[in-house]
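Residue numbers (my numbering): 191 to 321. Comments concern the structure below.
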């Protein structure tokens, strides 16, 4: 996958600027430590986002407190203990996770869930119809 082109097509730089403003002074945990997030970390400045940690299903409880890409590892089942304001989903196919988190894991909390890279509604609909 050519992440550079993928992010360019989705207007990531402009969206990141909006996220920086919208999430100023908010505690953020990023979910998904895959290739997309690693590319973003290496090629974009995320320092304006108050990222307190990163979570992923691949991290086990023994990883707690260690770091990944410079961010503290937070096991998925410990996210609520950190009381973040926002969880950013760093996946290309984020819709299912976004729904699971919003309606499941973080239901009845004040934790907001947003994508780190936004996909247009039209693009999402096209993907559904292709399946």
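Glycine included, every Cβ here is placed at the ideal spot set by N, Cα and C.
Would you mind stating whether residue 219 and residue 245 have Cβ atoms separated by less than 9 Å? Residue numbering aside, residue 219 sits at position 29 when the chain shown is read from its first letter. Residue numbering aside, residue 245 sits at position 55 when the chain shown is read from its first letter. Taking 9 Å as the Cβ cut-off, residue 219 and residue 245 qualify as a contacting pair.
Following the continuous beta strand (DSSP E) through residue 219, name the residue where it begins and the one where it ends. Taking the chain shown and counting its residues from 1, the one referred to as residue 219 is at position 29. Segment 218-221, the beta strand (DSSP E) holding residue 219.
Can you tell me whether residue 250 is buried or exposed? The criterion is at least 16 other CB atoms within 10 Å of its CB, across all chains shown. In the chain shown, residue 250 corresponds to position 60, counting from 1. In this structure residue 250 is exposed. Its beta-carbon is surrounded by fewer than 16 other beta-carbon atoms within 10 angstroms.
Hey, which unbroken runs of the beta strand (DSSP E) at 3 residues or more fall wholly within the stretch 201-246? Qualifying beta strand (DSSP E) stretches, in chain order: 218-221 and 241-245.
Look at the alpha carbon of residue 203 and the alpha carbon of residue 270, and state the distance between them as a whole number of angstroms. The sequence position of residue 203 within the chain shown is 13, counting from 1. The sequence position of residue 270 within the chain shown is 80, counting from 1. Cα to Cα, the separation comes out at about 29 Å.
What whole-angstrom Cβ distance do residue 177 and residue 275 have, given they're in contact under 8 Å? Any property of residue 177 remains undetermined from this structure, which presents the chain solely from 191 to 321.
Assigned secondary structure, residue 299 (DSSP; H/G/I helix, E/B strand, else coil): Residue mapping note: residue 299 aligns to position 109 of the chain shown, counting from 1. The answer is coil: DSSP assigns residue 299 none of H, G, I, E or B.
With 16 as the cutoff for other CB atoms within 10 Å, does residue 225 come out buried or exposed? Residue mapping note: residue 225 aligns to position 35 of the chain shown, counting from 1. Exposed, by the Cβ-count rule.
For a test of the three-state rule: what should DSSP assign to residue 249, helix, strand or coil? For the purposes of this step, residue 249 is taken as residue 59 along the chain shown, with counting starting at 1. It is coil, neither helix nor strand.
Buried versus exposed call for residue 279 [16 or more other C-beta atoms within 10 Å across all chains shown]: Within the chain shown, numbered from 1, the residue matching residue 279 stands at position 89. Buried.
Does the beta-carbon of residue 234 have 16 or more other beta-carbons within 10 angstroms, so that it is buried, or is it exposed? In the chain shown, the residue the question calls residue 234 occupies position 44. Residue 234 is exposed by the Cβ-count criterion.
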